[in-house]
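S.K.:
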Amino acid sequence: MRILFLSQRVPYPPNRGDKITTWRIVERLARRHEVRVVAFAHDEDDERAAKALVAKGIPTTAVPLGSSMQQKLRALPLLATTKPLTLGYYGSRELQAAVDEEAGSADLAYAYSSSMGAFLLPHPELPWIMHMAELDSDKWRQYAARERWPMSWVYARECRTLEHFERRVAAAARTNVFCTPLERRIFDERMPGNASAVLRNGVDLARFTPAPERAEPDHCVFVGVMDYLPNVDGCLWFAREVWPRVRAQRPEARFTIVGSKPTGEVTALGQLPGIEVTGFVDEPRDYLERAALSVAPLRIARGIQNKVLEALAMGLPTVGTTCATQGVEGIAGRHFVVADEAEPFAREVVRLLDDREAASALGQAARAFALANYDWERVLDVLDQMVEAAGER
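The opening position of the sequence shown corresponds to residue -10 in my numbering, with each subsequent residue numbered one higher.
#1: If we require 4 or more residues per run, which alpha helix (DSSP H) segments fall completely within the stretch 306 to 357?
#2: Please confirm whether ARG345 and GLY304 have their CB atoms less than 7 Å apart.
#3: Hey, would you say PRO206 sits closer than 7 Å to ALA281, going by beta carbons?
#4: Tell me the start and end of each unbroken alpha helix (DSSP H) in the stretch 161 to 228 that is at least 4 residues and wholly inside, in chain order.
#5: Output needed for ALA184: all residues of its chain with C-beta closer than 7 Å, excluding positions within five of it in sequence on either side, in chain order.
#6: Is there contact here, the stretch 44 to 58 with the stretch 13 to 33, by at least three beta-carbon pairs under 8 Å?
#7: Taking DSSP as the reference, what is the three-state secondary structure of GLY248?
#8: Are VAL187 and GLY106 close, meaning C-beta to C-beta below 7 Å?
#9: Going by DSSP in three states, PHE154 sits in which element: helix, strand or coil?
#10: Any idea what DSSP makes of PRO262, helix, strand or coil?
#11: Looking only at C-alpha atoms, which of ALA204, GLU91, GLU202 and GLU123 sits nearest to LEU109?
#12: Is DSSP giving ILE(-8) helix, strand or coil here?
#13: Restricting to Cα atoms, I'd like to know which of THR245, GLY6 and VAL297 is closest to PRO262.
#14: Going by DSSP, what residue range makes up the beta strand (DSSP E) through ARG25?
#15: Under the rule that 16 or more other beta-carbon atoms within 10 Å means buried, what is TRP138, buried or exposed?
#16: Roughly how many angstroms separate the alpha carbons of PRO333 and PHE211, rounded to a whole number?
#17: For a test of the three-state rule: what should DSSP assign to THR50, helix, strand or coil?
#18: Roughly how many whole angstroms lie between the Cα atoms of LEU258 and ALA95?
#19: Alpha carbons only, please: which of GLY292, ILE320, ALA44 and ARG323 is nearest the one belonging to ARG174?
#20: In three-state terms, what does DSSP make of MET384?
#21: Could you say which of ARG239, ASP271, ILE118 and GLU23 lies nearest to ALA335 if we only look at CA atoms?
#22: Give me the DSSP bridge partner(s) of ILE118.
#23: Can you tell me which of the three DSSP states LEU130 falls into?
#24: Which first and last residues belong to the beta strand (DSSP E) in which LEU282 is found?
#25: Please state if the CB of VAL214 and the CB of SER249 are separated by a distance shorter than 7 Å.
#26: At 4 residues or longer, and completely inside the stretch 57 to 85: list those alpha helix (DSSP H) runs for me, N to C.
#27: Excluding sequence positions up to five away, which residues of its chain have a Cβ less than 6 Å from the Cβ of GLU241?
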């Protein structure tokens, strides 16, 4: 089949959460089908990545998303409408034209994120798969609950309007894809009557392997893009509320925040005792190898967290919140540890730093769990079946 793949970012290289998933999907599809990519380029790196995809034999059209100011200027007028701001942020006549040009010769389309599904609505004749991963509207619901006015109003509005739009694309697609059974269940309850399926994330088990000989005592690590609100909120909370409690009992403990584009608030955390903020690094895995413990203190989260999967695959004992771990189909206490308040979170961190035998046992169980459940090759077998079924006209 000839498959048109749409994504918010050029699906290469696999160096951040969404690109890890989109690249794996594109690479798998390209083994058996002719895949053409249309995606937004957020920066020059994305433009170079598009050329790299072309060199790999995957025709790619990369449309500049524009500056942050341009994105906001596109979104703001929608406040006077019933449309979600997301559609303005990712609105583009140029990208729509690219989709229109490709749609006529495609047998199937695959849209990653509901905002990309908008570009397929003008083509009801083309069967397509809507890969939502999770309901973005629910993410905005969580944001609204944590913010003060006026942002709470903006986020609540986005939740309402985006949910209405999600219903529209869900009904238009052949099937709607989610990354966990939990996300699929939420979708089925809120938008009954629409076809749905689960395509879990995986992890590169050959790349993320245990390296216990490199682990540094009392070293805790968080990995994630650091201008993403859930990551920012989680690290601020951990650094301000949890970390002082840890340091009170382990004065030599260190916490490293690894990830590109740290906000000013995150950068300032590097002034606190025992905390380092790296900014962009070529290989975040190096920091995981040197860690004694991975933390996932997210208080806002949906779906499955790649950062958690990668830590588990490396046999790294992990302490996370319910939000951060609920998408991982493991058992709390056996494969990872869950704590949602500052005091118990700090207590579990200290316990695992103190008791290296318990930490090692937790890490070994985590690695075995990842091997059994999150190998990309096996995970993506479902994709092959889904595409064949959706492509039948």
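Glycine is no exception: its CB is placed at the ideal position from the N, C-alpha and C atoms.
M.R.: Based on what the coordinates show:
#1: 311 to 314 and 331 to 343
#2: Against the sequence shown, residue 345 aligns to sequence position 356. Against the sequence shown, residue 304 aligns to sequence position 315. No. Outside cutoff.
#3: Working through the sequence shown from its first residue, we reach residue 206 at position 217. Working through the sequence shown from its first residue, we reach residue 281 at position 292. Yes, the Cβ-Cβ distance between PRO206 and ALA281 is below 7 Å.
#4: 170 to 179 and 218 to 226
#5: Taking the first residue of the sequence shown as position 1, residue 184 is located at position 195. Around ALA184: ARG163, THR164 and ASN165.
#6: yes
#7: The residue you call residue 248 lines up with position 259 of the sequence shown. Coil.
#8: Here the question's residue 187 lines up with position 198 in the sequence shown. Here the question's residue 106 lines up with position 117 in the sequence shown. Cβ distance not < 7 Å, so VAL187 and GLY106 don't count as in contact.
#9: Taking the sequence shown and counting its residues from 1, one reaches residue 154 at position 165. Helix at PHE154.
#10: Walking along the sequence shown from the start, residue 262 turns up at place 273. Three-state DSSP puts PRO262 in coil, outside helix and strand.
#11: What you label residue 109 is simply residue 120 of the sequence shown in a count that begins at 1. Ranking the options by Cα distance to LEU109, first place goes to GLU91.
#12: Residue numbering aside, residue -8 sits at position 3 when the sequence shown is read from its first letter. Correct three-state label for ILE(-8): strand.
#13: Taking the first residue of the sequence shown as position 1, residue 262 is located at position 273. When each option's Cα is compared against that of PRO262, the closest is THR245.
#14: The residue labelled residue 25 in the question sits at position 36 within the sequence shown. Counting along the chain, the beta strand (DSSP E) containing ARG25 begins and ends at 23 to 30.
#15: Sequence index remark: in the sequence shown, residue 138 carries index 149 (1-based). Classification for TRP138: exposed.
#16: Residue mapping note: residue 333 aligns to position 344 of the sequence shown, counting from 1. Residue mapping note: residue 211 aligns to position 222 of the sequence shown, counting from 1. Answer to the nearest angstrom: the Cα atoms are 18 Å apart.
#17: Within the sequence shown, residue 50 is the residue found at index 61, counting from 1. DSSP places THR50 in strand when its eight states are reduced to three.
#18: As a working note, residue 258 is residue 269 in the sequence shown. As a working note, residue 95 is residue 106 in the sequence shown. Near 49 Å, if we compare the C-alpha coordinates of ALA95 and LEU258.
#19: Within the sequence shown, numbered from 1, the residue matching residue 174 stands at position 185. Selected option, being the one with the closest Cα: GLY292.
#20: No answer is possible for residue 384: it lies beyond the span of the chain, which begins at -10 and ends at 382.
#21: Taking the first residue of the sequence shown as position 1, residue 335 is located at position 346. Looking at the Cα atoms, ARG239 is the closest of the given residues.
#22: Taking the first residue of the sequence shown as position 1, residue 118 is located at position 129. Note: ILE118 sits in a beta bridge opposite TYR99 and THR164.
#23: For this step, residue 130 is matched to residue 141 along the sequence shown. In the sequence on display, residue 130 carries Arg and not Leu. Reduced to three states, the DSSP call for ARG130 is helix.
#24: Here residue 282 refers to the residue found at position 293 when the sequence shown is read from its first residue. Residues 282 to 285.
#25: Taking the sequence shown and counting its residues from 1, the one referred to as residue 249 is at position 260. Taking the sequence shown and counting its residues from 1, the one referred to as residue 214 is at position 225. Closer than 7 Å, so yes.
#26: 57 to 64 and 74 to 78
#27: Along the sequence shown, read from residue 1 onward, the residue named residue 241 stands at position 252. Counting only Cβ-Cβ distances below 6 Å, and skipping sequence neighbours, we find ASP207.
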